[in-house]
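Encoded as structure tokens, the structure appears first; notes follow it.
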Amino acid sequence: MSTTTKSAIIETMYARKSIRKYDPDFKISREEISEMLTDAMTAPSSSNQQPWRFLVITDDAVKKEIRSMSFNQEQLETSSAIIAVLGATDFYKNAKKINELSVATGAMSPEIAVAQTAGSEKLYSGLPTEILKNVASFDAGLVSMQLMLIAKDRGLDTVAMGGFDKQAFAEKFELPANEFPIILLAIGKGIGPDRGTERLSVADVTTFI
Numbered sequence: 032m033s034t035t036t037k038s039a040i041i042e043t044m045y046a047r048k049s050i051r052k053y054d055p056d057f058k059i060s061r062e063e064i065s066e067m068l069t070d071a072m073t074a075p076s077s078s079n080q081q082p083w084r085f086l087v088i089t090d091d092a093v094k095k096e097i098r099s100m101s102f103n104q105e106q107l108e109t110s111s112a113i114i115a116v117l118g119a120t121d122f123y124k125n126a127k128k129i130n131e132l133s134v135a136t137g138a139m140s141p142e143i144a145v146a147q148t149a150g151s152e153k154l155y156s157g158l159p160t161e162i163l164k165n166v167a168s169f170d171a172g173l174v175s176m177q178l179m180l181i182a183k184d185r186g187l188d189t190v191a192m193g194g195f196d197k198q199a200f201a202e203k204f205e206l207p208a209n210e211f212p213i214i215l216l217a218i219g220k221g222i223g224p225d226r227g228t229e230r231l232s233v234a235d236v237t238t239f240i
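Next comes the structure, spelled out in structure tokens:
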């Protein structure tokens, strides 16, 4: 690492760890979760289509049930909330609304908005479901990472989990056919030590040409 002073965002990145022990009595308000999601959704997405959806679970009985379909991971029951990040395969249906919002703020002209809406609807509506799922999954990773950093910046802890019975989850919450679960994020006040994991070096994973 460089000896120069790190910026606040770099400090937050290095401070964030996956925490699996939480204070079960610590609560996070709906307002604060909404604020964090608002900030997280500044993440980039394919054609700015924002294919993510969120299901926020704070009910203790429901969290316990989710634990049972997620390899008995304790943090799913003791964290303040579980934020399920879902993907939507029909995300292009929001293209008109998204582009009109950009027109309203002056970020896009009406003519460009119409053209981009038509382009997005034509492109994505013709793609196979599997490709649409790949697009949504990629973008879900981007918004999830931002959410974890935002939580850490607020003094909260998180852990992301992809290991859960996605079919059982979808059935439990009666997800429509166009939505599918991708990641479960446990969020709360950590009380356990983090795991001091290390990373490969840049030289291990990078080729310069």
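Residue numbers (my numbering): 32 to 240.
Note that CB positions come from ideal geometry on N, CA and C, so glycine has one too.
What you are looking at is a predicted structure, and each value in this text was computed from that prediction instead of being measured.
- Under the DSSP assignment, F102 falls outside any beta strand (DSSP E); it carries neither an H nor an E label.
- The continuous alpha helix (DSSP H) containing P141 extends over residues P141 to S156.
- DSSP places E42 in the uninterrupted alpha helix (DSSP H) bounded by A39 to A46.
- In the three-state reduction of the DSSP assignment, E131 falls in the helix class.
- If you draw a straight line from the Cα of G172 to the Cα of E205, it is about 23 Å long.
- Bounds of the beta strand (DSSP E) holding E210 are E210 to G219.
- Between S101 and G194, the beta carbon gap of about 7 Å places them in contact (Cβ cut-off 8 Å).
- Under DSSP, L86 takes part in a beta bridge, and its partners are A115.
- In the three-state scheme derived from DSSP, where H, G and I count as helix and E and B as strand, T69 is classed as helix.
- According to DSSP, residue pairing for V190 in a beta bridge involves A217.
- The Cβ atoms of M192 and I218 do not sit closer than 8 Å to each other.
- The residues M179, A182, L216 and I218, in chain order, have a CB closer than 6 Å to that of T189 in the same chain once the five nearest residues on each side in sequence are set aside.
- The DSSP assignment places complete beta strand (DSSP E) segments of no fewer than 3 residues inside the stretch 161-205 at 188-192, in order along the chain.
- Residue burial annotation: S99 is exposed, with fewer than 16 other C-beta atoms found within 10 angstroms of its C-beta.
- Spatial neighbours of F211 in its own chain (CB-CB distance under 6 Å, excluding positions within 5 residues in sequence) are listed in chain order as G118.
- By the Cβ neighbour-count rule, Y53 is buried, with 16 or more other Cβ atoms within 10 Å of its own.
- Per the coordinates, the alpha-carbon of I41 lies some 10 Å from the alpha-carbon of R47.
- Here the C-alpha atom of T237 lies approximately 36 Å from the C-alpha atom of S156.
- Remark: C-beta atoms of L86 and K94 do not approach each other more closely than 8 Å.
- Per DSSP, the continuous alpha helix (DSSP H) segment holding A234 begins and ends at V233 to V236.
- Relative to Y123, the option among F57, M139, A146 and P82 whose CA is nearest is P82.
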